[in-house]
Amino acid sequence: MAIIRKSQQPSLLMRWANARPGRMIILSFLLVIAVGTSLLALPPASASGRSIGLLQALFTATSATCVTGLVTVDTATHWSLFGKIVILVLIQTGGLGLVTITSFFYILMRRKATLRTLLATQESTASFNFSDVLQLVRKIVLITFSLEVAGGLLLSWRLALLLGWPRALGKGFFLSVSAFCNAGFDLMGDTSSGPFSSLLSLRDDPLILLTLAVLVILGGLGFVVWSDLLMWPRQRKLNFHSKVVLSLTGALLVLGTIFFYAAEPAASLGPANSQSVGTSLLSAFFQSTTSRTAGFAATDQAGLTDSSKLFTILLMFVGAAPGSTGGGIKITTLAIVVATIISDVQGRDNIIMMRHRLTRETFTRAYALVGLAMGIVLGVTNQLSFTERQALQTMRLSLLDLLFETTSAFATVGLSSAETQNLQPATWAILIPVMYLGRVGPASFAISLAMRHHNRTDQVYPEGRTLVG
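Okay, so the sequence shown: first residue is 364 according to the numbering used here, each after it adds one.
Okay, structure coming up:
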């Protein structure tokens, strides 16, 4: 009996995971990556019938699960049908989150979800209200699959005119899922443009680029904003979070489009090329859209000017909205930092944004996240300067390219000006945990691992004064 009771006790790992909801999310992504790595390392996953090796399988599984899009082999030409299906499932699972999908199956089977599962789902979806978590999960899954099917049909119809229906269906639906999940994976490498070409062969196709852009933008808004928008026809009112996300998303899209249109005449983005103004604006808009979250490249990223690379790095660093399929520090974090600076310059005691007062905890977490993210990106870039020192010495790469690559991995974007497939295996090994941290969130990861206890005490400490600036 003692043996039976002992076996029924939860393991040390399960007790550790159950202590905080965020730990369940951390472990769920690790589980998906581990399963994906095992499957992609199998010989049948490669078109050649030979195993790709553990490192590249792990890199691809991490990139797909963390919806990044950086690849060491061309997705269309290297992987077999089995391998492509595995990658697609990893993208979908990583985009929605395993915890969210698990909660949805609880709903389908009409089983009561545990309190820990509900708490983890609330954190995974960035929901404000605990009571609305399961209702939000239903909406998330319904909206996700509806938009992915609609996008897949539209993309397949357009691609069928170029490639024929059999190939177009697979590529269209793969692109649709990848776009909505902000993953940046594509299957265009076996077309006339060649391997690792991404969407270069489709750069002049407005229907495909606009469809992908809409899917990317919707995927980057976040689950809470979707729910709020669905309620808008009845309530005629958006909550504060949705207003911030929608306003800043629109502002960054417009700002990015104007910048790339003006700064990139040599890369078919600006007015100095042979394209029409409309086509150039479309290219600039798509570059602005994909830079923050998705990683589809309709323009050669290596051919961008240094100013455009730096601006792209900034857009990638900012990223999408909380609770979305995108990464980065999140646009709400940027809004909080800007509002704090403005309020400080104006001499206000409170932080005011869009006629709302922000709590001290809000801007403290925002600044902590920005500082942590900058430390990770700069620290990893410095590491890459050692692993890629030969490429730096021969001037094949610049330090800006390595910063570009690191930011892309951390923000789970997937754009590359350094050609990921040509980097050293040591560089791939460094970027794997960076992609993982970027997906689960560095602050959430640190808080979940820390044995933090909120201790209330009446002890009063003396005031400390130091000069600033």
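Where a beta carbon is used, it is the ideal one built from N, C-alpha and C, also for glycine. A quick note: this is a predicted structure, and the numbers were derived from the prediction, not measured.
- Message: I'd like the list of long-range same chain contacts for P406, defined as Cβ closer than 7 Å, with 5 residues on each side in sequence excluded.
- Response: G412, R413 and S414
- Query: Does DSSP put S561 in a helix, a strand or coil?
  - Reply: coil
- When L678, T757, D764 and L570 are compared against A665, the one with the closest alpha-carbon: D764
- Does the count of Cβ pairs from the segment 608-616 and the segment 674-692 closer than 8 Å reach three? yes
- Query: Thinking C-beta only, is A781 closer than 8 Å to E768?
  - Reply: yes
- Item | S670 (DSSP reduced to helix, strand or coil) | helix
- So, do the segment 735-746 and the segment 700-717 have three or more beta carbon pairs nearer to each other than 8 Å? Short answer: they don't touch.
- Query: Nearest-angstrom Cα distance between L673 and I448?
  - Reply: So the alpha carbons of these two residues sit roughly 35 Å apart.
- Message: Can you tell me whether L721 is helix, strand or coil according to DSSP?
- Response: It is a strand residue.
- Item | Among R718, V500 and A576, the one whose alpha carbon lies nearest that of H604 | Cα-wise, what sits closest to H604 is R718.
- What's the C-alpha gap between L747 and I793? In this structure, the CA atom of L747 is about 8 Å from the CA atom of I793.
- Task: Spell out a yes or no on whether the segment 641-648 and the segment 562-572 are touching, meaning 3 or more CB-CB pairs, one atom from each, closer than 8 Å.
- Result: yes
- For W589, count neighbouring Cβ atoms within 10 angstroms of its own Cβ and tell me buried if that reaches 16, exposed if not. buried
- Cα-Cα, which of M758, M551, L570 and S555 is closest to A660? Ranked by Cα distance from A660, the first of M758, M551, L570 and S555 is M551.
- Message: Assuming S758 is part of the alpha helix (DSSP H), what are its boundary residues?
- Response: Just to set this straight, residue 758 is Met in the shown sequence, not Ser. Looking at the DSSP string, M758 is not in any alpha helix (DSSP H), and its letter there is neither H nor E.
- Query: Does the distance from the C-beta atom of G432 to that of G777 stay below 8 Å?
  - Reply: yes
- Message: On the criterion of 16 or more Cβ atoms from any shown chain inside 10 Å, does W442 qualify as buried, or is it exposed?
- Response: buried
- Task: Classify M551 as helix, strand or coil using the three-state DSSP reduction.
- Result: coil
- Item | Inter-residue Cα distance where the pair is P825 and T727 | 21 Å
- Write down the C-beta distance between A531 and S541 rounded to the nearest angstrom, noting that I regard them as a contact closer than 8 Å. Rounded to the nearest angstrom, the Cβ distance from A531 to S541 is 15 Å, too far for a contact under 8 Å.
- Item | Candidates T744, V587 and G801: closest to I503 by CA position | V587
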